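**Student:** Residues 1 to 197 (the UniProt record's numbering) are what the sequence shown spells out, left to right.
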Amino acid sequence: MGEKSPPRRIRADAERSTARILEAAETVLAEDATASLEQIADAAGLARATVHRRFASRAALLDALAERLSQRYLGGLAEARVKTAPPLIALHRVTEIVFDLKLCHRFAIQLTAALTPEVLDGLDLLFARLRDTGAITAVDPAWGRQVYLALLHEVHDMPADSPSLASSATADETEAKIDLLVRTTLGALGGSHGATA
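#1: From residue 50 to residue 61, what does the alpha carbon distance come to, in whole angstroms?
#2: Identify, in the order they occur along the chain, each residue of the same chain with its Cβ nearer than 6 angstroms to the Cβ of residue 203, setting aside the five sequence neighbours on each side.
#3: In whole angstroms, what separates the C-alpha of residue 116 from that of residue 67?
#4: Give me the Cα-Cα distance between residue 196 and residue 29, rounded to the nearest whole angstrom.
#5: Using C-beta distances below 6 angstroms, list every residue in its chain close to residue 44, excluding the 5 sequence neighbours before and after it, in chain order.
#6: May I have the straight-line CA-CA distance separating residue 55 from residue 11, to the nearest angstrom?
#7: Of the choices 95, 88, 39, whose alpha-carbon is the least far from that of residue 150?
#8: Under 7 angstroms between the Cβ atoms of residue 69 and residue 35?
#9: With H, G and I counted as helix, E and B as strand and the rest as coil, what does DSSP make of residue 105?
#10: Return yes when at least one heavy atom of the ligand MG lies under 6 angstroms from the C-beta of residue 154, else no.
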(Lines of atoms letter the chains of each structure in order from A and count residues from 1; the text may use other names and numbers.)
(Lines give C-alpha, C1' and ligand atoms only; values in the text may rest on other atoms or scores of the structure.)
Protein backbone atom coordinates (compact mmCIF):
# COMPACT_ATOMS: atom_id res chain seq x y z
CA MET A 1 0.00 0.00 0.00
CA GLY A 2 2.89 2.34 0.84
CA GLU A 3 4.26 1.76 -2.67
CA LYS A 4 1.21 3.42 -4.20
CA SER A 5 1.52 6.67 -2.23
CA PRO A 6 4.47 8.23 -4.12
CA PRO A 7 2.83 8.00 -7.59
CA ARG A 8 -0.35 9.62 -6.24
CA ARG A 9 1.69 12.40 -4.68
CA ILE A 10 3.60 12.89 -7.94
CA ARG A 11 0.29 13.00 -9.81
CA ALA A 12 -1.12 15.55 -7.36
CA ASP A 13 2.03 17.66 -7.64
CA ALA A 14 1.81 17.50 -11.43
CA GLU A 15 -1.84 18.57 -11.35
CA ARG A 16 -1.02 21.50 -9.07
CA SER A 17 1.86 22.53 -11.32
CA THR A 18 -0.36 22.32 -14.38
CA ALA A 19 -3.01 24.46 -12.69
CA ARG A 20 -0.37 27.05 -11.70
CA ILE A 21 0.95 27.14 -15.26
CA LEU A 22 -2.53 27.63 -16.75
CA GLU A 23 -3.39 30.38 -14.25
CA ALA A 24 -0.09 32.15 -14.92
CA ALA A 25 -0.56 31.74 -18.68
CA GLU A 26 -4.01 33.33 -18.49
CA THR A 27 -2.61 36.34 -16.63
CA VAL A 28 0.58 36.75 -18.68
CA LEU A 29 -1.06 36.21 -22.07
CA ALA A 30 -3.84 38.68 -21.25
CA GLU A 31 -1.10 41.31 -20.90
CA ASP A 32 1.11 40.08 -23.76
CA ALA A 33 -0.44 37.61 -26.21
CA THR A 34 3.04 36.83 -27.59
CA ALA A 35 4.58 35.88 -24.23
CA SER A 36 6.88 32.87 -24.29
CA LEU A 37 6.66 29.68 -22.24
CA GLU A 38 9.67 30.97 -20.31
CA GLN A 39 7.78 34.12 -19.28
CA ILE A 40 4.85 31.98 -18.19
CA ALA A 41 7.18 29.71 -16.19
CA ASP A 42 8.61 32.76 -14.41
CA ALA A 43 5.12 34.05 -13.59
CA ALA A 44 4.10 30.60 -12.29
CA GLY A 45 7.21 30.44 -10.12
CA LEU A 46 8.23 27.16 -11.73
CA ALA A 47 11.32 25.95 -13.52
CA ARG A 48 11.17 26.30 -17.27
CA ALA A 49 11.78 22.57 -17.60
CA THR A 50 8.59 21.92 -15.59
CA VAL A 51 6.52 23.98 -18.02
CA HIS A 52 8.12 22.24 -21.00
CA ARG A 53 7.40 18.84 -19.43
CA ARG A 54 3.71 19.71 -19.04
CA PHE A 55 3.38 21.50 -22.39
CA ALA A 56 5.67 20.51 -25.24
CA SER A 57 4.88 23.70 -27.14
CA ARG A 58 3.09 27.00 -26.93
CA ALA A 59 0.35 25.50 -29.11
CA ALA A 60 -0.15 22.69 -26.57
CA LEU A 61 -0.53 25.28 -23.80
CA LEU A 62 -3.10 27.23 -25.84
CA ASP A 63 -5.02 24.01 -26.48
CA ALA A 64 -5.08 23.34 -22.74
CA LEU A 65 -6.37 26.87 -22.05
CA ALA A 66 -9.10 26.41 -24.67
CA GLU A 67 -10.08 23.02 -23.21
CA ARG A 68 -10.21 24.47 -19.70
CA LEU A 69 -12.49 27.30 -20.86
CA SER A 70 -14.65 24.88 -22.87
CA GLN A 71 -15.26 22.88 -19.69
CA ARG A 72 -16.27 26.09 -17.91
CA TYR A 73 -18.67 26.93 -20.77
CA LEU A 74 -20.24 23.49 -20.46
CA GLY A 75 -20.49 23.93 -16.71
CA GLY A 76 -22.15 27.31 -17.28
CA LEU A 77 -24.69 25.82 -19.68
CA ALA A 78 -25.50 23.14 -17.12
CA GLU A 79 -25.73 25.71 -14.31
CA ALA A 80 -28.07 27.86 -16.42
CA ARG A 81 -30.18 24.72 -17.06
CA VAL A 82 -30.58 25.48 -20.77
CA LYS A 83 -32.45 22.17 -21.20
CA THR A 84 -35.06 22.71 -18.49
CA ALA A 85 -35.23 26.29 -17.16
CA PRO A 86 -37.59 28.80 -18.75
CA PRO A 87 -35.58 29.87 -21.84
CA LEU A 88 -35.54 33.61 -21.06
CA ILE A 89 -34.21 32.92 -17.58
CA ALA A 90 -31.61 30.50 -18.99
CA LEU A 91 -30.50 33.11 -21.54
CA HIS A 92 -30.05 35.71 -18.82
CA ARG A 93 -28.15 33.26 -16.60
CA VAL A 94 -25.88 32.08 -19.46
CA THR A 95 -25.11 35.72 -20.20
CA GLU A 96 -24.17 36.38 -16.56
CA ILE A 97 -21.89 33.36 -16.55
CA VAL A 98 -20.19 34.29 -19.82
CA PHE A 99 -19.57 37.86 -18.65
CA ASP A 100 -17.96 36.43 -15.52
CA LEU A 101 -15.79 34.11 -17.63
CA LYS A 102 -14.75 37.06 -19.80
CA LEU A 103 -13.42 38.79 -16.68
CA CYS A 104 -11.60 35.73 -15.34
CA HIS A 105 -10.27 34.42 -18.66
CA ARG A 106 -9.40 37.56 -20.59
CA PHE A 107 -6.98 35.76 -22.88
CA ALA A 108 -8.60 32.33 -23.31
CA ILE A 109 -11.97 33.87 -24.13
CA GLN A 110 -10.48 34.82 -27.52
CA LEU A 111 -9.64 31.20 -28.36
CA THR A 112 -12.31 29.97 -30.75
CA ALA A 113 -11.23 26.39 -30.02
CA ALA A 114 -13.02 26.77 -26.65
CA LEU A 115 -16.33 26.90 -28.54
CA THR A 116 -16.45 23.14 -29.05
CA PRO A 117 -19.34 21.42 -30.83
CA GLU A 118 -20.80 20.55 -27.40
CA VAL A 119 -20.80 24.21 -26.35
CA LEU A 120 -22.34 25.31 -29.67
CA ASP A 121 -24.98 22.57 -29.38
CA GLY A 122 -25.91 23.84 -25.91
CA LEU A 123 -26.37 27.37 -27.21
CA ASP A 124 -28.31 26.12 -30.23
CA LEU A 125 -30.64 24.22 -27.91
CA LEU A 126 -31.24 27.40 -25.94
CA PHE A 127 -32.11 29.37 -29.07
CA ALA A 128 -34.36 26.55 -30.34
CA ARG A 129 -36.22 26.67 -27.01
CA LEU A 130 -36.49 30.47 -27.22
CA ARG A 131 -38.05 30.03 -30.68
CA ASP A 132 -40.37 27.24 -29.54
CA THR A 133 -41.74 29.37 -26.70
CA GLY A 134 -42.25 32.38 -28.97
CA ALA A 135 -39.59 34.55 -27.33
CA ILE A 136 -37.97 34.93 -30.77
CA THR A 137 -39.17 34.32 -34.31
CA ALA A 138 -35.81 33.47 -35.93
CA VAL A 139 -36.16 29.92 -37.24
CA ASP A 140 -32.52 28.80 -37.27
CA PRO A 141 -31.01 28.31 -33.78
CA ALA A 142 -27.48 28.51 -35.22
CA TRP A 143 -28.27 31.99 -36.53
CA GLY A 144 -29.53 33.00 -33.10
CA ARG A 145 -26.32 31.74 -31.54
CA GLN A 146 -24.17 33.62 -34.09
CA VAL A 147 -26.04 36.87 -33.49
CA TYR A 148 -25.73 36.40 -29.73
CA LEU A 149 -21.97 35.72 -29.83
CA ALA A 150 -21.31 38.69 -32.13
CA LEU A 151 -23.32 41.02 -29.91
CA LEU A 152 -21.69 39.56 -26.80
CA HIS A 153 -18.27 40.75 -27.89
CA GLU A 154 -19.51 44.21 -28.85
CA VAL A 155 -21.52 44.77 -25.67
CA HIS A 156 -18.72 43.49 -23.44
CA ASP A 157 -16.24 45.98 -24.97
CA MET A 158 -18.67 48.89 -24.70
CA PRO A 159 -17.40 51.80 -22.57
CA ALA A 160 -19.13 52.31 -19.23
CA ASP A 161 -20.34 55.77 -20.24
CA SER A 162 -22.08 54.55 -23.40
CA PRO A 163 -25.56 56.07 -23.82
CA SER A 164 -26.84 52.58 -24.66
CA LEU A 165 -26.10 51.49 -21.10
CA ALA A 166 -27.72 54.56 -19.56
CA SER A 167 -31.19 53.28 -20.49
CA SER A 168 -30.81 50.28 -18.17
CA ALA A 169 -32.74 50.22 -14.90
CA THR A 170 -29.60 49.17 -13.00
CA ALA A 171 -26.58 51.29 -12.07
CA ASP A 172 -24.24 48.27 -12.12
CA GLU A 173 -22.21 48.32 -15.34
CA THR A 174 -22.06 44.54 -15.78
CA GLU A 175 -25.79 44.12 -15.10
CA ALA A 176 -26.52 46.93 -17.55
CA LYS A 177 -24.44 45.17 -20.20
CA ILE A 178 -26.16 41.85 -19.53
CA ASP A 179 -29.57 43.52 -19.80
CA LEU A 180 -28.56 45.29 -23.03
CA LEU A 181 -27.21 42.10 -24.58
CA VAL A 182 -30.30 40.06 -23.77
CA ARG A 183 -32.71 42.77 -24.98
CA THR A 184 -30.73 43.43 -28.17
CA THR A 185 -30.35 39.73 -28.99
CA LEU A 186 -34.04 39.06 -28.52
CA GLY A 187 -34.99 42.14 -30.53
CA ALA A 188 -32.60 41.24 -33.36
CA LEU A 189 -34.11 37.76 -33.53
CA GLY A 190 -37.69 38.95 -33.75
CA GLY A 191 -38.63 38.93 -30.10
CA SER A 192 -41.70 40.86 -29.12
CA HIS A 193 -41.58 43.71 -26.59
CA GLY A 194 -43.24 41.45 -24.03
CA ALA A 195 -40.61 38.75 -24.50
CA THR A 196 -37.71 41.16 -24.12
CA ALA A 197 -39.17 42.66 -20.96
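Just so you know, even glycine gets a beta-carbon here, dropped at the ideal spot from N, CA and C.
Just so you know, these numbers come straight off a predicted model, no measurement behind them.
**Tutor:** Taking the structure as given:
#1: 13 angstroms
#2: As displayed, the chain neither begins before 1 nor continues past 197, which places residue 203 out of reach and without an answer.
#3: 9 angstroms
#4: Any reading at residue 196 is ruled out, since the residue's pLDDT is 44, under 50, leaving its predicted position unreliable.
#5: 20, 21, 24
#6: 15 angstroms
#7: 95
#8: For the pair residue 69 and residue 35, the CB atoms are not nearer than the 7 angstroms cut-off.
#9: coil
#10: Absence of the ligand MG from the depicted structure is noted, as is the absence of any ligand whatsoever, leaving it without description.
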